[in-house]
Amino acid sequence: MPNPFDFFLLQHDLRFVALAALICLVSAFACVSLLRHANRAHGPMQWIWIGFGATAVGLGIWATHFVSMLAFRPGFSLNYDLALTGVSLLIAVVLGCLGIAMTTRGQGLADQFLGGAVVGIAISAMHYTGIAALVMGGEIGWNVPLIALSVLAGMVLGGLAFVAAMRRRRLLGAVLLTLAICGMHFTAMGAADFSQCFPIRADGQLSNELLSVGVAIMSLLVLGAALGSIVLDAADRRRTAREKARERADAARLKELSTLLELATTHMLQGLCLFNASGRLEYYNERAAKLVGNLLSKGDKHQLHFHDLALALQGNDESTSPEERAELEARIDGMLTSIGKGETLDYMRTMHDGRIIRFIHNPTVDGGWVTTIDDVTSEQRSQAAVAHLAFHDSLTNVLNRTAFNEQLDQALTTAETSDLNFAVLAIDLDRFKEINDTYGHVVGDEVLKGLAMRLSAAVRDGEIIARVGGDEFAALKMFSNVESLREFVGRIEAALFSTFDAGGITITGAASIGVAIYPDDGDERSRLLNNADLAMYRAKNDFDRHVCYYEAEMDEHARARRAMAKDLWTALAENQFHLVYQVQKSVATDEVTGYEVLLRWNRPGYGAVGPADFIPVAEECGAIGAIGNWVLRRACMDAASWPDKYRIAVNISGVQVSQIELIDTVRDTLMLTGLAPSRLELEVTETAIIADKARALHVLRQIKAMGVAIAIDDFGTGYSSLDTLRSFPFDKIKIDRSFMTEVDLNEQSKAIVRAILALGRSLSIPVLAEGVETEAQLDVLRAEGCNEAQGYLLGRPKAINWHANDKPRQKVKA
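If you read the sequence shown in our numbering, its first letter stands for residue 12, the second for the next number, and so on.
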């Protein structure tokens with residue numbers, strides 16, 4: 012089949028392609044506009060609008076197709092069967108009508124999408140019928156997957172277009188429908204191979220010239236439909252504005268009538284009272300009497316005064332002290348004064364039975380006022396529930412991040428005006444991802460709820476606990492002395508490290524806690540939170556403690572790492588890195604077997620920086636991928652230029668191992684440099700593999716299949732060594748240098764080395780020992796049957812220069 016891009020660019024007149032797209036966009040705009048009119052109409056008029064819309068979209072599909080066919084240059088002139096050409100137009104209109112009808116007469120989102128999908132089917136059916144109308148010899152070759160893709164694209168984009176149009180996204184709907192028509196057409200054309208076809212002549216054909224006239228007529232009709240839809244939309248907006256104006260006028264009249272009706276009825280959900288200018292009650296309905304506890308029904312209503320009613324409602328009884336009664340009366344007199352000034356009063360009272368009643372006093376022109384009374388208990392409780400959800404975590408029911416930030420801001424305000432200090436605690440659960448991965452998210456949720464419950468039970472007045480992330484909590488403590496803060500931290504730590512049942516599984520909690528104190532560690536919210544996080548990360552990195560208080564050095568350390576990250580990117584851009592090579596030799600023969608590639612960086616202003624210092628920073632900031640690719644490419648280029656074909660060993664970081672792109676990187680590097688795959692050895696650590704074992708081993712198997720050797724580095728320092736060796740056929744085991752330090756003096760170290768060598772022999776995997784620095788260490792390796800070794804005794808890492816005698820000579824790079 013032809014290349015799709017060559018097919019589009021070389022076999023189409025792009026001017027006609029642009030014209031087809033324009034016609035398609037105009038017809039799509041007309042269709043979605045008429046679709047909205049059809050949706051608003053009812054009865055027979057709705058079917059008329061459906062017909063108009065179907066005609067617009069059908070003509071647009073048809074015209075787009077045949078203008079695109081005019082753009083198509085297969086290498087011979089095209090002719091069309093007149094009958095099938097007409098049938099293709101009929102199919103587009105009929106199926107378009109069905110799709111629009113399904114959308115406008117449907118009930119929801121699914122019907123709207125299905126209606127658009129039917130229009131997508133209309134696009135496909137019209138297209139392939141139009142292709143069938145071609146009169147020519149030979150046979151078209153078809154790419155079945157592309158045919159399926161073209162039909163699916165038309166259906167999906169058509170469905171989305173109609174959903175967008177029904178959501179009043181007319182332009183988006185028009186664009187999506189245009190993409191549906193054009194995308195389906197050109198995908199379908201890409202599925203067809205006309206290389207075996209040739210022109211023939213027969214009666215009843217429609218030539219390109221006649222087709223051009225027909226397309227021009229159809230395009231004018233489409234343009235007319237679009238212009239008509241624009242005019243209709245403008246008229247509709249004017250009509251809608253007039254209708255809204257009438258609705259507002261009617262609403263005003265209805266309000267006046269409602270007021271009269273409210274005054275006349277005694278049976279309504281809202282309580283109503285009328286007071287005259289002197290404050291006497293003139294009218295109330297039965298609903299008002301029920302809402303205020305039948306206080307209104309006591310005595311002659313014309314003898315009841317607002318002052319007496321308000322006293323009764325606000326709790327005045329025999330137990331009220333004279334001072335309290337005087338305060339109540341002053342408050343009521345203030346209300347009467349405000350009403351007399353024409354002010355509307357709106358307030359709520361909680362009744363003795365717990366009901367919440369809302370009173371609204373609206374002054375009237377004659378000096379009196381109308382009081383409406385509502386029972387808003389349910390509404391207030393619902394609002395309280397919504398407010399609770401807005402400021403509480405839905406899973407654990409403790410405060411959320413928003414509420415915690417507000418509490419922290421209040422604590423800042425309080426601390427600025429008092430002698431109190433406060434501390435912010437950043438809490439991150441340890442091994443929570445392992446719990447989710449091992450037991451599932453249901454158990455993970457139970458763990459979060461259980462810990463939140465224990466933390467909530469541990470806090471007291473002036474202390475706050477909140478969940479601010481997936482497995483992150485925060486706490487706040489107001490204190491006047493450090494001892495109370497330490498006691499609070501102890502309670503939090505005890506709650507976190509407790510053992511509890513979660514979904515039938517016994518879980519022991521663990522967390523890292525960072526503490527930042529106002530004002531020493533920050534006097535505004537973001538700085539306090541950031542410093543608490545820094546302290547928390549320090550606690551997480553320290554093996555022997557779970558709580559860490561912020562120190563200024565932490566901030567300096569963080570800034571230093573950020574500066575180093577910036578310099579790493581600069582080093583990449585300015586080629587500041589260089590490579591050195593450490594020789595690897597046979598233990599038995601002392602012959603050179605290869606070289607390990609080591610990365611070096613002379614950081615401007617700092618001097619030489621070791622990989623152990625900058626590689627973790629590179630992994631954090633995302634530069635490790637680019638650095639690793641540079642090292643691999645540079646090392647392969649160097650090795651390819653050596654006259655002796657020594658093997659090179661290149662370290663691969665854990666981040667690179669987990670990336671599928673590493674496969675292509677290795678393949679492309681070998682092709683670019685010309686290095687034989689058998690001369691390249693990639694070294695990976697157990698930790699890098701275990702982080703995402705399935706993915707890492709898949710990547711390594713693909714690379715090994717190229718002929719590249721894979722060595723497991725720092726063997727014995729991980730926590731799944733035997734399982735890792737069983738899972739992947741490594742080409743070499745490298746004993747970590749930590750076991751070589753006292754191998755000639757310490758029997759335990761020697762026993763470990765001996766066990767690793769025995770394991771290598773049993774698995775037929777050669778073993779290389781790192782860090783060999785003394786003859787005694789080398790003698791032990793020779794006696795135990797180690798295959799290879801490297802270390803300062805055998806050669807320090809240096810840059811390699813090759814001289815005319817084709818023998819390697821190492822020297823320190825200037």
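Every residue, glycine too, gets a C-beta built ideally from N, C-alpha and C.
Exposed unless 16 or more other CB atoms sit within 10 angstroms - verdict on residue i
{"i": "Phe197", "result": "buried"}
{"i": "Arg772", "result": "exposed"}
{"i": "Tyr358", "result": "exposed"}
{"i": "Met56", "result": "exposed"}
{"i": "Asn613", "result": "exposed"}
{"i": "Asn492", "result": "exposed"}
{"i": "Met682", "result": "exposed"}
{"i": "Leu401", "result": "Correcting the residue identity first, residue 401 is Ala in this sequence and not Leu. Burial call: exposed."}
{"i": "Phe209", "result": "exposed"}
{"i": "Asp534", "result": "exposed"}
{"i": "Tyr592", "result": "buried"}
{"i": "Ser332", "result": "exposed"}
{"i": "Ala599", "result": "exposed"}
{"i": "Lys444", "result": "exposed"}
{"i": "Lys577", "result": "exposed"}
{"i": "Asn411", "result": "buried"}
Cβ shell of residue i (< 8 angstroms), same chain only, five flanking positions each side left out
{"i": "Asp420", "result": "Arg536"}
{"i": "Arg497", "result": "none"}
{"i": "Leu306", "result": "Ala300, Leu320, Ala323, Leu324"}
{"i": "Phe508", "result": "Thr519, Gly520, Ala521, Ala522, His557"}
Which of helix, strand or coil DSSP assigns to residue i
{"i": "Asp817", "result": "At Asp817, the pLDDT of 41 sits below 50, so the modelled position is not reliable; the number obtained from the coordinates is stated separately. Note: Asp817 maps to coil in three-state DSSP."}
{"i": "Cys284", "result": "strand"}
{"i": "Glu535", "result": "coil"}
{"i": "Ser467", "result": "helix"}
{"i": "Cys193", "result": "helix"}
{"i": "Leu805", "result": "coil"}
{"i": "Asp364", "result": "coil"}
{"i": "Trp827", "result": "Here the chain has residues from 12 to 825 only, and residue 827 is not among them."}
{"i": "Ile776", "result": "coil"}
{"i": "Thr388", "result": "helix"}
{"i": "Met12", "result": "Low confidence applies to Met12: its pLDDT is 47, below 50, so where it sits in the model is not reliable enough to give any reading."}
{"i": "Thr96", "result": "helix"}
{"i": "Met147", "result": "strand"}
{"i": "Pro210", "result": "strand"}
{"i": "Ala825", "result": "Reliability of the predicted coordinates at Ala825 is poor, the pLDDT of 28 falling under 50, and the value obtained from them is presented with this limitation in mind. Three-state DSSP puts Ala825 in coil, outside helix and strand."}
{"i": "Ala634", "result": "coil"}
{"i": "Ala52", "result": "coil"}
{"i": "Phe484", "result": "strand"}
Beta-carbon separation (whole angstroms), residue i vs residue j, contact threshold 8 angstroms
{"i": "Val764", "j": "Ala707", "result": "About 26 angstroms separates the two Cβ atoms, so there is no contact after all."}
{"i": "Phe173", "j": "Gly119", "result": "Not a contact, Cβ separation roughly 12 angstroms."}
{"i": "Leu590", "j": "Asp649", "result": "7 angstroms"}
{"i": "Ala103", "j": "Ile72", "result": "4 angstroms"}
{"i": "Val661", "j": "Val695", "result": "Val661 to Val695, Cβ: 10 angstroms. No contact."}
{"i": "Ala164", "j": "Gly141", "result": "Incorrect: roughly 17 angstroms between the Cβ atoms, too far for contact."}
{"i": "Gly501", "j": "Lys488", "result": "So it is not a contact: roughly 12 angstroms between Cβ atoms."}
{"i": "Gly379", "j": "Leu285", "result": "7 angstroms"}
{"i": "Ile638", "j": "Leu583", "result": "7 angstroms"}
{"i": "Thr382", "j": "Ile371", "result": "7 angstroms"}
Beta-carbon proximity list for residue i, same chain, < 7 angstroms, skipping 5 on both sides
{"i": "Phe205", "result": "Pro85, Ile151"}
{"i": "Met166", "result": "Ala128, Gly131, Ile132"}
Same chain, Cβ closer than 6 angstroms to residue i, neighbours up to 5 away in sequence not counted
{"i": "Asn798", "result": "Pro777, Val778"}
{"i": "Ile158", "result": "Ala202"}
{"i": "Gly107", "result": "Ala65, Val68, Gly69, Val130, Ala133"}
{"i": "Ser760", "result": "Phe750, Glu753, Val754"}
{"i": "His399", "result": "none"}
{"i": "Asp439", "result": "Glu483, Ser523, Met547"}
{"i": "Val666", "result": "Glu630, Ile635"}
Neighbour flag for residue i against chain B, beta carbons, 8 angstroms
{"i": "Met648", "result": "Among the chains in the structure shown there is no chain B, since it carries only a single protein chain."}
*the region 744 to 755 / the region 779 to 792 touching (three or more Cβ pairs under 8 angstroms)*: yes
_Touch test, the region 91 to 110 against the region 148 to 160, Cβ-Cβ under 8 angstroms, three pairs minimum_ = Touching, no.
*asked:* Can you confirm whether the region 546 to 563 touches the region 521 to 538 when touching is taken to mean that 3 or more C-beta pairs between the two stretches lie within less than 8 angstroms?
replied: Put simply, the region 521 to 538 touches the region 546 to 563. At least three CB pairs are less than 8 angstroms apart.
*Does the region 454 to 469 touch the region 404 to 413, meaning 3 or more C-beta pairs lie closer than 8 angstroms?*
yes
*For the region 736 to 748 and the region 706 to 723, state whether three or more C-beta atom pairs, one from each stretch, are separated by less than 8 angstroms.*
yes
_Stretch-stretch touch, CB-based, cutoff 8 angstroms, three pairs: the region 27 to 39 with the region 181 to 191_ = yes
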